[in-house]
Structure formats: C-alpha cells, structure tokens
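**Student:** Dumping the structure here so I can ask a few things about it.
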Amino acid sequence: MNQAGLTGAEARRLIREGEWRGPTAGLAEDYAQANLVILPEACATDFTRFCTLNPKPCPVLGLTIRGNPHPEELAPGADLRSDVTRYRVYRDGNLAEEVTDIASLWREDFVAFLLGCSFTFEKALVRAGIPVRHLELGCNVPMFQTSVACHSAGPFAGPLVVTMRPIPASLVETASAVTSRFPRAHGAPVHSGDPSHLGIADLSRPDYGDPVPVLPGEVPSSGPVGSPPRQPSRARVFRW
Numbered sequence: 086m087n088q089a090g091l092t093g094a095e096a097r098r099l100i101r102e103g104e105w106r107g108p109t110a111g112l113a114e115d116y117a118q119a120n121l122v123i124l125p126e127a128c129a130t131d132f133t134r135f136c137t138l139n140p141k142p143c144p145v146l147g148l149t150i151r152g153n154p155h156p157e158e159l160a161p162g163a164d165l166r167s168d169v170t171r172y173r174v175y176r177d178g179n180l181a182e183e184v185t186d187i188a189s190l191w192r193e194d195f196v197a198f199l200l201g202c203s204f205t206f207e208k209a210l211v212r213a214g215i216p217v218r219h220l221e222l223g224c225n226v227p228m229f230q231t232s233v234a235c236h237s238a239g240p241f242a243g244p245l246v247v248t249m250r251p252i253p254a255s256l257v258e259t260a261s262a263v264t265s266r267f268p269r270a271h272g273a274p275v276h277s278g279d280p281s282h283l284g285i286a287d288l289s290r291p292d293y294g295d296p297v298p299v300l301p302g303e304v305p306s307s308g309p310v311g312s313p314p315r316q317p318s319r320a321r322v323f324r325w
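Adding 85 to a residue's 1-based position in the sequence shown gives its number in this note's numbering.
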C-alpha cells in the first residue's frame with residue numbers, strides 16, 4: 086500500500102475500518118491533517134477565545150455545528166466519531182480513557198474544533214531536502230511540555246507543548262522558510278537550539294510521542310503543537 090499517496094478519504098476509511106491504528110505522519114501526504122478537540126457547546130466560547138489568544142499553537146481550520154459529527158466543508162464524508170486512530174477522553178478535566186471510537190459517547194451538545202497540524206508540512210520539508218527523523222524511523226514525532234504558559238481563557242490554560250524535529254544546522258533557515266508558508270499548520274519553529282530555553286531537560290524523554298535521536302551537527306527545532314490545559318483541549322507548540 087502506498088500510504089503517502091492515499092487520498093484523505095481513503096486514509097479515513099482505513100482508520101474507520103480499523104486497518105490503520107498508528108500515527109498518521111506520512112499518511113495521505115498531499116492532504117492537510119488536523120488535530121481534533123471536541124467540547125460541550127457550553128465550553129465552546131471560552132475555547133474559541135483560547136485559540137484566538139494562542140493562534141500559533143491553536144490555528145483553527147474549522148468547527149462543526151452543534152451536535153453534527155460531520156465536518157462537511159473541510160472533509161466531505163468524514164465522521165469525527167470514528168475517523169481518528171485514537172481518542173483521549175477527559176472527564177472533569179482529567180484523562181479518563183483512550184478509545185478508538187466515540188459513537189457511544191457522542192452528545193447532541195458537542196462542538197468539534199479542527200486545528201492545524203504540523204504533519205501537513207512534512208512533505209514540503211522532505212521535498213526541500215530536509216530529513217524528517219520520525220518519518221525515517223516510522224514512529225511518532227516527540228512532543229514536550231515547555232515552561233512557557235499559553236494565554237488562558239476561562240477554564241482553559243496550560244503549558245505550551247512543542248514537537249521536536251532534529252535539523253542539520255545548515256538547513257535550519259531553510260526549514261524555517263518552508264514551514265513559514267504553512268501558518269495554519271503552526272508555521273515556522275518557535276525555537277531552535279538549546280532546549281533548556283524552553284524548560285526541556287532531556288530530549289530522550291518526550292512527554293508524548295516517541296523519542297528520536299539528535300545526531301551530531303543537528304539542531305533540535307521546536308514548533309507549537311498545543312498545550313494540555315485543565316480542560317480537554319490541546320494547544321500546540323513546536324520545537325523544530
């Protein structure tokens with residue numbers, strides 16, 4: 086199967102039918118990917134403000150009408166209850182479980198936010214001759230909580246979370262230029278170089294995702310990926 090050459094609809098079908106359960110990096114590479122946040126409508130106004138105050142980690146691609154799990158404008162035919170490889174379910178602000186389908190949990194007052202994802206620009210990086218380590222290794226991108234706080238809105242608050250991609254030092258400027266063309270997929274890195282400037286002590290121990298090696302001559306670069314706030318939302322921050 087040519088996983089990179091799939092259409093968005095084909096990739097969603099594989100996920101819906103249980104034939105793909107891994108990370109979606111490198112999947113349907115000609116299509117934009119989105120992060121998903123589903124909230125009760127009562128929380129939607131505060132979360133909209135949270136995204137407005139934190140546009141780099143939380144670029145909003147679209148949102149659904151109350152109670153409708155089908156984002157027809159962005160992804161015709163998609164079903165947000167089954168087309169994600171894994172859902173993190175929060176109750177009272179705490180992670181309660183991880184499931185592969187939320188049809189039984191769906192409520193008529195739910196509103197879904199689709200946020201930009203850095204997987205969207207990885208094909209452009211590869212085309213520019215920039216290695217993408219987690220694609221090479223077939224694993225997920227490493228993600229780290231930082232010491233940088235997102236701007237809060239109502240009950241939504243939390244640290245900036247960044248993805249880390251090791252980039253050869255000679256290609257950092259090129260990587261920044263390439264990713265800056267994708268502002269709705271987090272855009273250019275928020276930091277390159279010493280990770281301690283973001284409060285990250287050990288690159289071999291990511292808070293989320295999988296560790297990847299940083300080779301001699303490479304610079305750890307971070308981009309916004311989100312923030313795990315006190316409510317079920319994830320703002321994003323990248324570390325390139």
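Glycine included, C-beta positions come from ideal geometry on N, C-alpha and C.
(1) Report buried or exposed for Glu183, applying the criterion of at least 16 other Cβ atoms within 10 angstroms of its Cβ.
(2) Take every Cβ of the stretch 161-174, pair it with every Cβ of the stretch 260-273, and state whether three or more of those distances are shorter than 8 Å.
(3) Determine the burial state of Pro317: buried for a count of at least 16 other Cβ atoms within 10 Å of its Cβ, exposed for fewer.
(4) Once you ignore the five residues that flank Phe323 on each side, which residues in its own chain have a CB closer than 7 Å to its CB?
(5) What residues in its chain sit with their C-beta under 6 Å from that of Phe135, if we drop five residues either side in the sequence?
(6) To the nearest whole angstrom, what separates the beta carbons of Leu220 and Ala110, a pair I think is in contact under 8 Å?
(7) Is there a Cβ from chain D that is less than 8 Å from the Cβ of Gly147?
(8) Going by beta carbon distance, what residues of the same chain come within less than 6 Å of Pro314, once the five residues before and after it are set aside?
(9) Given a cut-off of 8 Å on the beta-carbon distance, is the pair Asp295 and Asn225 in contact?
(10) Tell me the start and end of each unbroken alpha helix (DSSP H) in the stretch 156-216 that is at least 4 residues and wholly inside, in chain order.
(11) Hey, quick one: how far does the beta strand (DSSP E) through Arg266 stretch, first residue to last?
(12) Between Leu159 and Ala197, is the Cβ-Cβ spacing less than 8 Å?
(13) Between Ala129 and Gly93, what straight-line distance do the alpha-carbon atoms span, to the nearest angstrom?
(14) By how many angstroms is the C-alpha of Glu303 removed from the C-alpha of Lys208?
(15) Give me the DSSP bridge partner(s) of Gly308.
(16) For Arg171 and Arg218, which I take to be in contact (beta-carbon distance under 8 Å), what is that distance rounded to the nearest angstrom?
(17) Specify the secondary structure class of Pro280 as computed by DSSP and reduced to three states.
(18) Can you name the start and end residues of the beta strand (DSSP E) that Thr137 belongs to?
(19) Is Ser289 helix, strand or coil by DSSP?
(20) Cβ-heavy atom distance between Val304 and the ligand ZN below 7 Å?
**Tutor:** Reading from the atomic positions:
(1) exposed
(2) no
(3) Note that Pro317 has pLDDT 35, beneath the 50 cutoff, so the model's placement of it is unreliable and no number is given.
(4) Summary for Phe323: the model assigns pLDDT 33, below 50, so the residue's position carries little reliability; its value from the coordinates is reported in the next sentence. Result list for Phe323: Ser203, Val247, Thr248, His271, Pro274, Val275, Ser307, Gly308, Pro309 and Val310, in chain order.
(5) Ala238 and Phe241
(6) 6 Å
(7) The displayed structure is made up of one protein chain only, and chain D is not part of it.
(8) Per-residue confidence for Pro314 stands at a pLDDT of 42, beneath the threshold of 50, marking its modelled position as unreliable; the derived number appears in the next sentence. Only Phe241, Ala242 and Gly243 meet the Cβ criterion.
(9) yes
(10) 207-212
(11) Where Arg266 is concerned, there is no enclosing beta strand (DSSP E), given that its DSSP letter is neither H nor E.
(12) no
(13) 27 Å
(14) 20 Å
(15) Thr248
(16) Contact flag wrong, Cβ pair sits at about 22 Å.
(17) helix
(18) Careful: Thr137 lies outside any beta strand (DSSP E), inside the alpha helix (DSSP H) at Glu126 to Leu138.
(19) coil
(20) Of the ligands one can find in the structure shown there are none, so the ligand ZN has no counterpart to examine.
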